[in-house]
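Report on the structure given below.
In the numbering used here, the protein residues as written are 208 to 487.
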């Protein structure tokens, strides 16, 4: 169950969904970056997952300043996957855009993605490029993603084709394929992308749309291992789907990744991943 302000009745073009948990240090930055978007026709659903810090007080303050904000709070901590699903059930927009509580969105993010989706009705999900920032907000790198549907499908068994806080998804597609599946957590977003790709095309914009905050040391050994195992579980399931093609190289790389979970320390793997995926 959730509690909060009354839900608006008007149907906006975009629903922005922001789950929050113990983010008092950065949540104001994340909220303001959405409130100041050049595209104005959106609802902003913020769900606090029973934070123990001052996150909820900050969210309530901003909800009084911006009528587009729908501030809700879980009575019990539900975790990211279930909180996102609760939010999705409340969305009224034609599109749903994700946000993380410690990131910063460029002011034209929603506008660029909305225009692209309106011009490409066969695309069900679109992402973009993100800058990587440290705790102080300094840019330390950049991460690009494959742009076309063909390129994305070619590498979908190598790494996630999107950054979750960067995506905008067509709500009609979400209603058709379903929401986040807790069975695949913490790789539930990755699994959702595969389902979306069964019903529509993929795309990423070449534009930098987000600053993604990297917190050094946040990935523990157990968390890294769980993420990799969940990721491999997703790939194994969809390797049997005729709409995706896992070739010999894909299978070899996934076998190597599985073996590496028990051999290579997580901090080394994170550095290797960043070396391969990030641009200085």
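Ideal Cβ positions, reconstructed from N, Cα and C, are used throughout, including at glycine. Since the structure is predicted, the reported quantities are computational estimates derived from the model, not experimental observations.
Look at residue 251 and residue 277 and say whether their C-beta atoms are less than 8 Å apart.
Contact flag set, yes.
Quick check on the DSSP output: what are the complete beta strand (DSSP E) runs of length 3 or more inside the segment 398-459, in order along the chain?
You should have 408-420.
What does DSSP give as the partner residues of residue 239 in its beta bridges?
None; residue 239 has no bridge partner.
Using C-beta distances below 6 Å, list every residue in its chain close to residue 307, excluding the 5 sequence neighbours before and after it, in chain order.
So the list reads 372, once near-sequence residues are dropped.
When the Cα atoms are used, what is the spatial distance from residue 392 to residue 437?
Approximately 7 Å between the Cα atoms of the pair.
Note down the Cα distance separating residue 326 from residue 412, rounded to an integer number of angstroms.
Near 13 Å, if we compare the C-alpha coordinates of residue 412 and residue 326.
For residue 322, does the count of other Cβ atoms within 10 angstroms reach 16, so buried, or fall short, so exposed?
Exposed, because fewer than 16 other Cβ atoms sit within 10 Å of the Cβ of residue 322.
Any chance you could list the beta strand (DSSP E) runs of at least 3 consecutive residues sitting entirely within the segment 289-319, in chain order?
Segments of the beta strand (DSSP E) lying fully in the segment 289-319: 302-305.
Measuring only the C-alpha atoms, how far is residue 390 from residue 397?
Whole-angstrom Cα-Cα distance: 12 Å.
Would you mind reading off the limits of the beta strand (DSSP E) that contains residue 275?
That residue, residue 275, is in no beta strand (DSSP E); it is neither H nor E in DSSP.
What does the alpha-carbon distance come out to for the pair residue 378 and residue 334?
Cα to Cα, residue 378 sits roughly 15 Å from residue 334.
Grouping DSSP H, G and I as helix and E and B as strand, with all else coil, what is residue 475?
In this structure, residue 475 counts as helix in the three-state DSSP scheme.
Take the Cβ of residue 259 as the centre, count every other Cβ of all protein chains shown within 10 Å, and call the residue buried at 16 or more, exposed below.
The residue is exposed, with fewer than 16 neighbouring Cβ atoms inside 10 Å.
Take the Cβ of residue 478 as the centre, count every other Cβ of all protein chains shown within 10 Å, and call the residue buried at 16 or more, exposed below.
Exposed is the call here.
Between residue 262 and the ligand ZN, is the CB less than 7 Å from at least one heavy atom?
Here there are no bound small molecules, and the ligand ZN is not part of this structure.
If you measure between the beta carbons of residue 231 and residue 254, is that distance less than 8 Å?
No. Outside cutoff.
Excluding the five sequence neighbours on either side, which residues of its own chain have a C-beta within less than 8 Å of the C-beta of residue 362, listed in chain order?
Same-chain partners within the cutoff: 353, 368.
What does residue 222 pair with, by DSSP beta-bridge criteria?
Residue 222 pairs with 250, 303.
What is the C-beta distance between residue 324 and residue 302, in whole angstroms, given that I count them as a contact (C-beta under 8 Å)?
Contact holds; Cβ gap of about 6 Å.
Anyone know if the C-beta pair for residue 420 and residue 347 falls short of 8 Å?
No, the Cβ-Cβ distance between residue 420 and residue 347 is not below 8 Å.
Starting from residue 384, trace the alpha helix (DSSP H) both ways and give me its first and last residue.
Element bounds for residue 384: 378-384.
With C-beta atoms as the reference, is residue 182 less than 8 Å away from residue 256?
Nothing about residue 182 can be read from this structure; the chain reaches only from 208 to 487.
Is the beta carbon of residue 359 sitting closer than 8 Å to the one on residue 376?
No, Cβ-Cβ distance for residue 359 and residue 376 is not below 8 Å.
How should residue 222 be labelled, buried or exposed, when 16 other C-beta atoms within 10 angstroms of its C-beta is the threshold for buried?
Buried, by the Cβ-count rule.
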